[in-house]
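Going by the working numbering, the sequence shown opens with residue 2, and the numbers climb by one from there. Here the structure comes first, spelled out in structure tokens, and everything after it is commentary.
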Amino acid sequence: MTPPESNTRLNLQHRRCLVVASVMFCFALAGGSFATRQYQHAKHAMQAEVTARVQAEAEQARAEKKQAQTEMARIQAEKRMEELTSETQKAINAKMEAEELIETVVSMTDLNYGRIIPLHCEYIPHSVDSYCSKQDKDNPEHYNLFSDKMLERRATYYERRLVNLYRQDNGTEVVKCYRKMLEIRKTQAERDSNNVKWQTDLVDAHRRLAYALSNTGPLQETEQEYREIIAINEMLVVREKNNPARLRELASSHCALSSFLHNTGNQAEAEKHNQKALEILKPLLDQDKNDVSSMLTYASCYASLGDKLAVSDIPEAEKNWRESIKIRESLYDRDTSDTKSQSNRADYYAGLGDLMKTIGNFPEAEKYYRKSWDIEKNRFDHPTSETHPIRLSSYMRSCHRISGFMSDIGNQPEAESYARKEVEASEALLACNPKDDTYCPLFLCESHLEFGNYLLSTGNLQEAEVHYRKALEIGKPLVDHGGIGGKENLSNCYERLGHCLLIMGRLPEAEKCYRQFEGINTPASFYRLDHVSEQRAYSSSQCKMGEFMQIAGNLPEAKKYYQNALYYKKKVIDSIRPGANKAELAETLQTQSFLEYRLGNYENAYHSSLEADSIASTLTDIDLIRDTKNSICWCAALSGKFPEALAAGEKSVERTPDKVPSFPRMNLAHAYLLNNQFEKAKTIYAKYCGQFLSDGRKWNVVVQKDFQTLRTAGRDHPDMKKIETLLQESDGTTSNTLKSTKAQ
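Structure follows, in structure tokens:
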């Protein structure tokens, strides 16, 4: 047992130890907390330093990146500016090149289609217009200058675009493009009405749009464009105080409107505008007898008036043609070495020849056709600085013209000689321009096609096939190169070769060609089948396919093609009837009559022919008048109207040479037979027995086919058997074509 004092001492020691331990523990705790706080402070300081360093580095990186992007953008901007500048220079160079090439291009131009446009020129890219617009904004002090340049560049762009549109035969888009051109020219003219050049450009834009519209419609807008041209020219005449050059332009614009009104059947107003043109020009000639330009325009006006008067006043028409020739000859006599002064002299003689042919005076017609050809031949042979291709193309057209006339009057040896000269001239034209892939090959292709047609009409099928195949060989690359008229020309090549092979009895080869022809003329190949020009083209292709199927013996397929062709032909009539382009309406009604006949609707065919003839009789186209009379004759015979058939048949051959077999002569013979005038009918049937018609078929074959059609329509006649016996005796043996026709 411990004494109490000892316990007390022990407790005190324990307490001291506990106090010391507590104090030590508190110190320990305080030291740990202090260490922890120091650690946290160090940690936060380090994190802040790292964060600041990272942010600084990131900021520096962003700055460097921004600087790099700015530098890259600057380099790209400079590069783009260089590209745009280069494109602008290319545009300027293209324009200069086009101006240098224009004279050569004119020589490659088919003036009948009005395609005087530059070739081989690239599009002006849209970026050039954008660049020009930017320059306008960045340089307000030069706004007008740059705007003018921008408008010209846009006009140039549409000029280049027209090249491709013509090559594609895209008439709808051509009209749209000309509308854009007109908008540009109007903008220029409105900005400075005193700028004569811009007013002249505006006139040209109206003229080109009017021409494009005349091919595609509508006629009211076309007429308005021609009248607008006259209004602008009249304003310029007043402003320029009767400048002779401007007066000549005004006279020419009256002539252009006159020709348009003549084609739409407004004969009275057409002659009025032609007379107005002569009134404008006469004072110029009274003032200066040596004014060559006015004399040329004066002669053109007389020739134009002579053409329009042919339907109403033949003596007056002849008088005007002779006056135009007189003026031309007086110019030629002044300087026989200047072939340019007689550029249309040959055409005027040919025009007088056309008039003589119209009235049936074939000896006089031949005289003027030969004179026309002699002028072109001498012009071609004459040593001159005039561009050789121009003279070649004129000579080529002259050969084509006289060859057709000689064939019409039955002078086949000379017709063939001139036709061969045309082919030779086309080959020479291509040899002069070996790099041309558009016009020269097109001319040569068409020459081979025309020569093939001539050979076909004389029964020389083998040589016709050779020339059709040459035309096809030339025509294929035209489509590949985007040549103007390439698709249409290739289509004609396949159709004509197919027809030739069909007449030769080579049906599988013929069908292959016609399938190629159909493939080119599918609805997908047209741009707008709801447009009148494309409806017309598609209807024509369907009609030809129907003819092939009918001759080949596939009557159900032929009927489908004819029905489709008739559907679109009626749409064409509905489109053009309001504007009354009489020549076009008459031709379309004539085709409608043919389709109705093919479908067995003889009454409808007869009435369509009557309507076509009533319109054609107001025009000067003797071929159209003959065709409508011939159609009335045939459809009236099928409808049982024999007296009407005879009356129309006799009129259809009044002004037609009788040396060559023709469908009007054949239908007249049918009319004589059905009207019980056997001897007259027999005379015609016997005269052309064994000869060939223009489509390459034998006279005998087609006559017997017509007899079958008449019998099917219930128009049999006992004398038909006598004629069939006559034909078989003269033919000797029955040809393969005749067998296939009988099988139908």
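Think of the CB as a built atom: it goes at the ideal place given N, C-alpha and C, for glycine as much as any other residue. Predicted model only: the values in this text are computed from it and were never measured.
The residues W199, Q200 and L203, in chain order, have a CB closer than 7 Å to that of A190 in the same chain once the five nearest residues on each side in sequence are set aside. Here DSSP, grouped into helix, strand and coil, assigns K699 to strand.
According to the DSSP assignment, I410 belongs to no alpha helix (DSSP H), since it is labelled neither H nor E.
Per the C-alpha coordinates, the member of Q678, F679 and K652 positioned closest to R666 is K652. Distance from the CA atom of A62 to the CA atom of E50, rounded to whole angstroms, is 18 Å. The Cβ atoms of G453 and F693 do not sit closer than 8 Å to each other. Taking 4 residues as the minimum length, the alpha helix (DSSP H) runs contained wholly in the stretch 228-300 are 245-264 and 268-288, in order along the chain. In this structure, the CA atom of R192 is about 22 Å from the CA atom of R247.
Annotation for Y569: the continuous alpha helix (DSSP H) segment containing it runs L556 to I577. Boundaries of the alpha helix (DSSP H) harbouring Y349: R346 to T359, taken from the DSSP string. Taking each of K561, T592, L285 and A432 in turn and checking the Cα distance to R537, the smallest one comes out for T592.
Per DSSP, G460 lies in no alpha helix (DSSP H) and is assigned neither H nor E.
Per the Cβ contact rule, the stretch 242-256 is in contact with the stretch 271-289 (3 or more Cβ pairs under 8 Å).
For Y689, there is no enclosing alpha helix (DSSP H), as DSSP marks it with neither H nor E. Taking a cut-off of 8 Å for Cβ pairs, the stretch 400-408 and the stretch 352-372 touch, as three or more such pairs fall below it. Looking at the DSSP output, F693 sits in a beta bridge with K699. Here the C-alpha atom of P316 lies approximately 10 Å from the C-alpha atom of W322. Judged by DSSP in its simplified three-state form, A304 adopts helix. Nearest neighbour of R516 by Cα position, chosen from L502, Y495, M505 and C501, turns out to be Y495. In summary, N275 is buried, with 16 or more beta-carbon neighbours lying within 10 Å of its beta-carbon over all protein chains present. In this structure, the alpha-carbon of P509 lies about 21 Å from that of V702.
Secondary structure note for P644: its alpha helix (DSSP H) is the uninterrupted segment F643 to S653. I376 and G352 have their C-alpha atoms spaced approximately 14 Å apart. Assignment of M182 by DSSP, reduced to helix, strand and coil, places it in the helix class. Annotation for Q517: the continuous alpha helix (DSSP H) segment containing it runs L508 to I521. The three-state secondary structure of L332, taken from DSSP, is helix.
The three-state reading of DSSP puts G601 in coil, since its state is none of H, G, I, E or B. A Cβ-Cβ contact shorter than 8 Å links R716 with L675.
Around the beta-carbon of L251, 16 or more other beta-carbon atoms lie within 10 Å, marking it buried. Taking 8 Å as the cut-off, the Cβ atoms of Y455 and L498 do not count as close.
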